[in-house]
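What follows is a single structure, written as structure tokens, with notes after it.
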Amino acid sequence: MLFSHRRLCPDLSFFQQETEHPCSEILNQEPGFESLRKRIVSTSLKVESQSQTRLLTRSEYAYSNKTKTTTSYDDHEYQLLPDGHEAHWEVVERILFVFSKLNSGQSYVQGMNEIIGPIYYTFATDPNLEWRGSFEKTIISTKFSFLCLQNMPKPMRSIVLQILWFIFEIIL
Amino acid sequence: MKIYDHSEFGILVRMQRFLMLLKRIDHEVYYLFEKQKLKPEFYAFRWLTLLLSQEFRLPDVLRIWDSLFADQEKNFEFLLYICCAMIT
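Protein sequences, first through last, are from chains A and B.
The numbering used here puts the first residue of the first sequence at 662, with every later residue one more than the last.
The numbering used here puts the first residue of the second sequence at 2, with every later residue one more than the last.
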């Protein structure tokens, strides 16, 4: 299965950054737990030039205003972070992986990465830190993210269900 | 998977509706495209399937999606209008 977790219009360095809410199972490396890092072999297409400057994410922007520093993210874009840490793109990869496994009829369709990207970004940069964390924890980072929809608080469930299912159905 | 393409919400019907809207809104462009045999499959497919997420920078995508999802009941009708506005 060919699988992509990248935006083809990579204007933000957000997805290469470490998530504040990594999956705890992966973080703790429980014995017998297989992470996607081991299950998926990454290959990448060679891109001739991809050195456009990235816009800053909301939180970064606030940070750089305070410290007046700029950082370059162009090198080693999709490098794996050390054990116990994971980047946002890994979380996205997991969502797509789990979705394709749970919906074997639809499986993965080219372009899903582009749809999930903005949605994930929106939830993961919520101004309310508490919501940001709980979104990742309850929906994304847990073992079977989409099965967990049933156990989620109702307002949350309806929003995500509506948007995610609706989108994934509509693009097919 | 193919059967969905022809359904009410499928991509083929959607592109057809986009084309009809273009014809209504901008005759000239529509007939120019027709003369050059430029089908919407060649340019609008990606716009419609990915909800324009590849065409704009992420902050702009979020703004557009806000409007698109506000229009959920109508099956992304607004998307067709944005696409038309992009060409005309």
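Using N, Cα and C, we set each Cβ at its ideal position, and we do this for glycine too.
These numbers were taken from a predicted model, which means no experiment stands behind them.
When you compare each of 79/B, 81/B and 66/B to residue 775/A by their alpha carbons, which one comes out closest?
The residue given as residue 775/A occupies position 114 in the first sequence. Ranking 79/B, 81/B and 66/B by Cα distance to residue 775/A puts 66/B first.
Backbone secondary structure at residue 679/A - three-state DSSP:
For the purposes of this step, residue 679/A is identified with residue 18 of the first sequence, where counting begins at 1. The answer is strand: DSSP assigns residue 679/A an E or B state.
Would residue 85/B and residue 12/B be called neighbours here (beta carbons separated by less than 8 Å)?
Within the second sequence, the letter at position 84 stands for residue 85/B. Within the second sequence, the letter at position 11 stands for residue 12/B. No, Cβ-Cβ distance for residue 85/B and residue 12/B is not below 8 Å.
Would you verify that the beta carbon of residue 783/A is, or is not, closer than 8 Å to some beta carbon of chain B?
Within the first sequence, numbered from 1, the residue matching residue 783/A stands at position 122. A Cβ of chain B is located within less than 8 Å of the beta carbon of residue 783/A.
By how many angstroms is the C-alpha of residue 34/B removed from the C-alpha of residue 22/B?
Residue mapping note: residue 22/B aligns to position 21 of the second sequence, counting from 1. Residue mapping note: residue 34/B aligns to position 33 of the second sequence, counting from 1. Distance between the alpha carbons of residue 22/B and residue 34/B is about 14 Å.
Identify the contact partners of residue 788/A in chain B, using a Cβ-Cβ distance below 8 Å as the criterion.
Taking the first sequence and counting its residues from 1, one reaches residue 788/A at position 127. The premise fails here: residue 788/A is roughly 13 Å from chain B at the closest Cβ pair, so nothing lies under 8 Å.
As a quick exercise: from 778/A, 675/A, 742/A and 743/A, pick the residue whose alpha carbon is nearest that of residue 754/A.
Against the first sequence, residue 754/A aligns to sequence position 93. Cα-wise, what sits closest to residue 754/A is 778/A.
Report, in whole angstroms, the separation of the C-beta atoms of residue 790/A and residue 59/B, which I expect to be a contact under 8 Å.
As a first step, residue 790/A must be located in the first sequence, where it is residue number 129. As a first step, residue 59/B must be located in the second sequence, where it is residue number 58. Not quite, the Cβ-Cβ distance comes to about 21 Å (not below 8 Å), so this is no contact.
Could you tell me whether any Cβ in chain A is nearer than 8 Å to the Cβ of residue 55/B?
Along the second sequence, one-based indexing puts residue 55/B at 54. It does: the Cβ of residue 55/B has a partner Cβ on chain A nearer than 8 Å.
Please state the DSSP three-state secondary structure of residue 20/B.
Numbered from 1 along the second sequence, position 19 holds the residue referred to as residue 20/B. Three-state result, residue 20/B: helix.
Please classify residue 741/A: is it buried, with 16 or more other beta-carbons within 10 angstroms of its beta-carbon, or exposed?
Position 80 of the first sequence, counted from the start, is the residue given in the question as residue 741/A. Exposed.
I'd like to know if residue 48/B contacts chain A, where contact means its C-beta is closer than 8 Å to some C-beta of that chain.
As a working note, residue 48/B is residue 47 in the second sequence. By this cut-off, residue 48/B is not an interface position.
Could you say which of 63/B, 14/B, 41/B and 57/B lies nearest to residue 783/A if we only look at CA atoms?
Your numbering for residue 783/A matches position 122 in the first sequence. Among 63/B, 14/B, 41/B and 57/B, the Cα nearest to that of residue 783/A is on 63/B.
Residue 740/A - DSSP class collapsed to helix/strand/coil:
Here the question's residue 740/A lines up with position 79 in the first sequence. DSSP places residue 740/A in coil when its eight states are reduced to three.
Let me confirm a value: residue 39/B is counted as buried when at least 16 other C-beta atoms fall within 10 Å, else exposed. Which label applies?
Sequence index remark: in the second sequence, residue 39/B carries index 38 (1-based). With a 10 Å radius around the Cβ and a threshold of 16 neighbouring Cβ atoms, residue 39/B comes out exposed.
Under the three-state DSSP convention, the category residue 49/B falls into
Numbered from its first residue, the second sequence carries residue 49/B at position 48. Assigned with DSSP and collapsed to three states, residue 49/B falls in helix.
C-beta neighbour in chain A for residue 52/B, strict 8 Å:
The residue given as residue 52/B occupies position 51 in the second sequence. Residue 52/B counts as touching chain A.
Here's the rule: buried if 16 or more other CB atoms are within 10 angstroms of the residue's CB, otherwise exposed. What is residue 785/A?
The sequence position of residue 785/A within the first sequence is 124, counting from 1. Label assigned to residue 785/A: buried.
Leaving aside the five residues before and after residue 52/B along the sequence, list all residues of the same chain whose C-beta is less than 7 Å from its C-beta, in chain order.
Translated into the one-based positions of the second sequence, residue 52/B becomes position 51. So the qualifying residues of the chain are 66, 69 and 80.
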